[in-house]
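S.K.: So in this note's numbering, the last spot in the sequence shown is 323, and the numbers never skip.
Idealized CB from N, CA, C, for every residue including glycine.
Take this structure first; my questions come after.
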Amino acid sequence: MGEVYNKLKGPGVDVPWGNIVWNKGGIPKHNFLTWLFVLNRCPTRDRFLGWGLPTASDCLLCNTMPESRDHLFFDCSHSWSVWLVVASRCGLIAERMWVRSLVQLQMLSGRKEKKRLTVLAWKGTIHALWTERNARLHRNFFRSTDSLLAQIDLTIRNRIASYRQVNQTLASSMLQLWFMTAS
């Protein structure tokens, strides 16, 4: 069956960001959302305007600049304040530009646990910020930076705990790394 699928599908094209987006142990909805953002296919306000749809252009997180993928991650002052904390917890010097952030993750070296934790945290931050943006747009519901950070922290701890059944050593190492940098 696998051979038939591969024949029909044809040879795949490797992309430099593939291992970041589709890494083992990621949260599926975070992986999918990150993939859409890497391809710049999420419905940000700049895309709506490009399609000729009448909409405000301001970023829903900071209300100061036009909303785009590159602004949301992490040129926006609100998203930057969240990513700065999360990145430092991973021992990473945060990059403010989307492309540099993506390249930085592609170039990660060192221990497997640290790389997996950093990528998990990056995608968790993207998901939390996009969810917050949508809550502001559709429900007029606003959360503080501390609330977003608490959500990201809980998401990461829960995902690491889910590894425990498969690889207890990996889960323990990742949890220790995450807790070492908690404030």
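Would the segment 277-291 count as touching the segment 240-258 if we require 3 or more Cβ pairs under 8 Å?
M.R.: No, the segment 277-291 is not in contact with the segment 240-258.
S.K.: Mapping the DSSP letters down to three states, classify D198 as helix, strand or coil.
M.R.: Here residue 198 refers to the residue found at position 58 when the sequence shown is read from its first residue. Three-state result, D198: strand.
S.K.: Exposed or buried, which one is W223 when buried takes at least 16 other CB atoms within 10 Å?
M.R.: The residue labelled residue 223 in the question sits at position 83 within the sequence shown. Looking at its Cβ environment, which holds 16 or more other Cβ atoms inside 10 Å, W223 is buried.
S.K.: Determine the direct distance from the alpha carbon of L269 to that of S228, and round the result to whole angstroms.
M.R.: Working through the sequence shown from its first residue, we reach residue 228 at position 88. Working through the sequence shown from its first residue, we reach residue 269 at position 129. Distance between the alpha carbons of S228 and L269: 17 Å.
S.K.: Ignoring anything shorter than 3 residues, give me the beta strand (DSSP E) runs that lie fully in the segment 163-243, in order along the chain.
M.R.: Runs of the beta strand (DSSP E) inside the segment 163-243: none found.
S.K.: Is it right to say S302 is buried, meaning 16 or more other beta carbons lie within 10 angstroms of its own, or is it exposed?
M.R.: As a first step, residue 302 is located in the sequence shown; it is residue number 162 there, counting from the start. Label assigned to S302: exposed.
S.K.: Candidates L257, T309, Q308 and A322: which alpha carbon is nearest I167's?
M.R.: Here the question's residue 167 lines up with position 27 in the sequence shown. Ranking the options by Cα distance to I167, first place goes to L257.
S.K.: Helix, strand or coil for R297? Go by DSSP, reduced to three states.
M.R.: Along the sequence shown, one-based indexing puts residue 297 at 157. In this structure, R297 counts as helix in the three-state DSSP scheme.
S.K.: Residue ranges of each alpha helix (DSSP H) run of no fewer than 4 residues wholly in the segment 261-318, ordered along the chain?
M.R.: Listed in chain order, the complete alpha helix (DSSP H) runs (minimum 4 residues) inside the segment 261-318 are 285-303.
S.K.: I'd like to know if the segment 246-262 and the segment 191-207 are in contact, where contact means that at least 3 CB-CB pairs between them fall below 8 Å.
M.R.: No: the two stretches stay apart, fewer than three of their Cβ pairs being nearer than 8 Å.
S.K.: Which two residues bound the contiguous alpha helix (DSSP H) that contains V161?
M.R.: As a first step, residue 161 is located in the sequence shown; it is residue number 21 there, counting from the start. Where V161 is concerned, the enclosing alpha helix (DSSP H) stretches over G158 to V161.
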